[in-house]
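First the structure, in the form of structure tokens, and then the observations on it.
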Amino acid sequence: MRKTGLKSIYLDYDGVIVNTVETIVSLYNEDFKYYKKFKSVPWYQVYTWNFTECNCASKKYIDTYFNTPRFFHRIQFMEPCTKDIIYKLREVYNVKIVSMGKHANLKLKEEWIEKNLPGIEFIGLHLKKFKDKSSVDMKDGLLLDDNEKMLFNSNAFEKVCFGDKYGWNDGWYGPRLHNWSDVE
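Each residue of the sequence shown is one higher than the one before, starting from 10 at the first, in our numbering.
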């Protein structure tokens with residue numbers, strides 16, 4: 010059943026469709042486990058956008074993970090039901106994935122989406138050119154994103170924050186869905 014006024018669902022990739030934090034932390038824990046000051050970090054205890062909990066790695070080092078095939082070989086859907094729910098939404102709405110990144114990151118995301126979510130449109134925005142997702146006209150739909158900045162700056166008909174409160178979305182007081190069962 011279509012919600013009145015909505016034609017499209019715009020989904021963020023990192024932190025909404027896939028568990029980026031878990032993947033970054035697993036790579037960090039693997040790469041730095043023999044360092045003197047290393048302390049294993051559980052992914053669910055990361056609350057900062059720049060992964061300061063991963064204290065043996067610089068922000069620049071963490072950022073390199075986002076642009077490696079290794080990251081995309083390891084990344085998983087947020088929940089086992091995520092893919093099925095996206096395709097259920099597609100039966101009623103135009104479903105589009107809107108994500109930001111650098112060139113390599115966007116190409117690798119596009120390949121991952123083609124392989125794991127065939128038929129779903131991908132809109133990649135390069136971080137050098139765009140600061141947020143406001144360049145994408147979303148007035149016909151709902152934006153589901155875990156970053157309050159993207160929600161605040163979007164012209165989406167409806168805006169919903171995905172996931173629990175973190176440093177990158179604790180200023181959002183609008184609607185929030187905590188998991189993919191809530192989305193369904």
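For every residue, glycine included, the Cβ atom is placed at its ideal position computed from N, Cα and C.
Quick caveat, the model's predicted, so the values are computed rather than measured.
Short check: CB of residue i to CB of residue j, under 8 Å?
{"i": "D191", "j": "V25", "result": "no"}
{"i": "I132", "j": "I106", "result": "yes"}
{"i": "K16", "j": "Y102", "result": "yes"}
{"i": "D149", "j": "F161", "result": "no"}
{"i": "Q85", "j": "N38", "result": "no"}
{"i": "T61", "j": "W189", "result": "no"}
{"i": "L1", "j": "V104", "result": "In this structure the chain extends from 10 to 193, so residue 1 is not present and cannot be described."}
Just to check my reading of the structure: residue i and residue j have Cβ atoms closer than 8 Å, yes? What is that Cβ distance to the nearest angstrom?
{"i": "F81", "j": "L136", "result": "About 17 Å; that fails the 8 Å criterion."}
{"i": "S163", "j": "K142", "result": "6 Å"}
{"i": "C63", "j": "K46", "result": "Not confirmed; about 11 Å, so no contact."}
{"i": "S35", "j": "R79", "result": "Going by Cβ atoms, the distance from S35 to R79 rounds to 10 Å, so no, they are not a contact pair."}
Out of the options, which one is the CA nearest neighbour of residue i?
{"i": "F171", "options": "E88, G110, L134 and L115", "result": "E88"}
{"i": "M109", "options": "K158, Y56, D40 and Y43", "result": "K158"}
{"i": "Y56", "options": "K48, P127, E31 and T73", "result": "E31"}
{"i": "I18", "options": "F60, E100, D40 and Q54", "result": "E100"}
Per DSSP, what are the beta-bridge partners of residue i in this structure?
{"i": "I106", "result": "L20 and F131"}
{"i": "C90", "result": "Paired residues: none, contrary to the question."}
Grab me the residues of residue i's own chain with a C-beta within less than 8 Å of its C-beta, minus the 5 sequence neighbours each way, in chain order.
{"i": "K111", "result": "F75, N76, H135, L136 and K137"}
{"i": "D146", "result": "N164"}
With a threshold of 6 Å on Cβ separation, who are the neighbours of residue i within its own chain once the five nearest residues in sequence on each side are excluded?
{"i": "W177", "result": "W58 and N156"}
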